[in-house]
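Residue numbers (the working numbering): 442 to 716.
Encoded structure:
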C-alpha cells in the first residue's frame, strides 16, 4: 500500500526529516530509507535508531512521530495509475475469469485508518476479509516482510473463500504481487509468487545496477530477517502447506518485472482480461 497505492512513503520522509532537522541530524538518505521500506515498525525502527542516534527517548520519539503522522497521513493521495488499475481489476469480478484481490500491508491498524479513511472509494475494492495489516495476530512476531508470511496469509484469505464456494484454490505461482519496497519484493518472491516492482525514483537510484537482484528477491534481506525467528520458519511454512516457499527466486527467471509507474499496466502480459 505505502508507496505503491498511495503517496504515504513521501509523507513518511517528510515526517522523519522534520524530526531529524529539529535535533540537528542529517536528512534521511535513500540508502537508509530503502532498508526501512516495507518492514514492520519494530525492524524499521531499529534501522532508523542506529542511523539517527537522536538525543531523545524512544517514548518521546514515538510521541512526536505520532503527532506528525496524525497531521500528514490524512493528506495521502493515490499514486498515478492506481485508481484505474484497481477499478479495472475489480471489474473482472463478474466475468468468467475474475481476478481476486487482497491487500497485504505492513501498516498497523491505526496508521492504516489515518491513511485511508478519506479514501474509502479507493480501498473499497479490497474486501474486508482480504485485508491483511501489519498487526494482524495471524502473523507471528518477527515474521513481517521480507519473510513471505503476509503474502501467504493474503492468499489464504482468498482460498478460504474459494473453498467455501467449492472452487479450485489459487496456487502461489498464479499470484501477482505489486510492490514498491525491496523487502516486499523479496517477501513476494519467497512466497513463490510473481512480482511487479514499481519503486520510487529515489529507491531505484539507490539500487542502480542491482535491479535484477531485487527482482529475484536476492538482495539478502531475508538473512537479516531470519535472525528474528529462524527456528520457527520451517514450522510456519509447513503450516501454510506450501512446498518450496521461503526461498528467493533466481536472477533472470522472469517472475519479477520492473515498471516505472502503474499507468498503462500490461494486463495481457499476465493473462488478465479487462471487460
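Quick reminder that beta carbons are idealized off the backbone N, C-alpha and C, glycines included. A quick note: this is a predicted structure, and the numbers were derived from the prediction, not measured.
Check: Helix, strand or coil at residue 562 [DSSP, three-state]; Outcome: helix
Check: Whole-angstrom C-beta distance between residue 472 and residue 408, which should lie under 8 Å; Outcome: One cannot answer for residue 408 here, as it falls past the ends of the chain, which runs 442 to 716.
Check: Start-to-end residues for the alpha helix (DSSP H) that takes in residue 492; Outcome: 482-493
Check: Between the CA atoms of residue 540 and residue 547 - distance to the nearest angstrom; Outcome: 23 Å
Check: Among 501, 516, 592, the one whose alpha carbon lies nearest that of residue 449; Outcome: 516
Check: Outcome for residue 671 when other beta-carbon atoms lying within 10 angstroms are tallied against a minimum of 16; Outcome: Because the pLDDT of residue 671 is 48, which lies under 50, any placement of that residue in the model is unreliable, and the question is left without a value.
Check: Assigned secondary structure, residue 685 (DSSP; H/G/I helix, E/B strand, else coil); Outcome: Because the pLDDT of residue 685 is 46, which lies under 50, any placement of that residue in the model is unreliable, and the question is left without a value.
Check: The segment 506-526 contacting the segment 450-457, beta-carbon criterion three pairs below 8 Å; Outcome: yes
Check: Cβ shell of residue 642 (< 7 Å), same chain only, five flanking positions each side left out; Outcome: none
Check: Own chain partners of residue 521 with C-beta closer than 8 Å, once the 5 adjacent residues on each side are dropped; Outcome: 702, 703, 704
Check: Cβ-Cβ distance between residue 571 and residue 543 below 8 Å; Outcome: yes
Check: Candidates 486, 463, 490, of which the one nearest residue 583 by Cα; Outcome: 486
Check: Backbone CA spacing between residue 666 and residue 445 [nearest angstrom]; Outcome: Because residue 666 sits at a pLDDT of 45, beneath the cut-off of 50, its placement in the model cannot be relied upon, and the point is left open.
Check: CB contact flag (residue 596, residue 611, <8 Å); Outcome: yes
Check: DSSP bridge partner residues for residue 519 (one or two, in chain order); Outcome: 447
Check: Alpha-carbon spacing of residue 650 relative to residue 490, whole angstroms; Outcome: 28 Å
Check: Close Cβ partners of residue 682 (< 8 Å) along its chain, the five nearest in sequence each way excluded; Outcome: Residue placement at residue 682 is flagged as unreliable, the pLDDT there being 46, under the threshold of 50; a coordinate-derived value is accordingly withheld.
Check: Whole-Å CB distance - residue 628 paired with residue 586, under 8 Å assumed; Outcome: 4 Å
Check: Identity of the residue in 476, 465, 561, 469 nearest residue 660 by Cα; Outcome: 476
Check: Residue 569 versus residue 636 - alpha carbon distance; Outcome: 23 Å
Check: Beta-bridge pairing of residue 620 - partner residues as DSSP gives them; Outcome: 638
Check: For residue 459 and residue 465, the rounded distance between their alpha carbons; Outcome: 10 Å
Check: Burial state of residue 590, where buried means 16 or more other Cβ atoms lie within 10 Å; Outcome: buried
Check: First and last residue of the uninterrupted alpha helix (DSSP H) at residue 699; Outcome: Segment 697-699 is the beta strand (DSSP E) holding residue 699; no alpha helix (DSSP H) there.
Check: Best match in 621, 657, 715, 604 for proximity to residue 631 [C-alpha to C-alpha]; Outcome: 657
Check: Distance, residue 694 Cα to residue 614 Cα; Outcome: 13 Å
Check: Beta strand (DSSP E) runs wholly inside the segment 566-610, at least 3 long, in chain order; Outcome: none
Check: Residue 580 classed as buried or exposed, judged by whether at least 16 other C-beta atoms fall within 10 angstroms; Outcome: buried
Check: For residue 543, the three-state DSSP class (helix, strand or coil); Outcome: coil
Check: Selection from 644, 576, 608 that minimises the alpha carbon distance to residue 624; Outcome: 644
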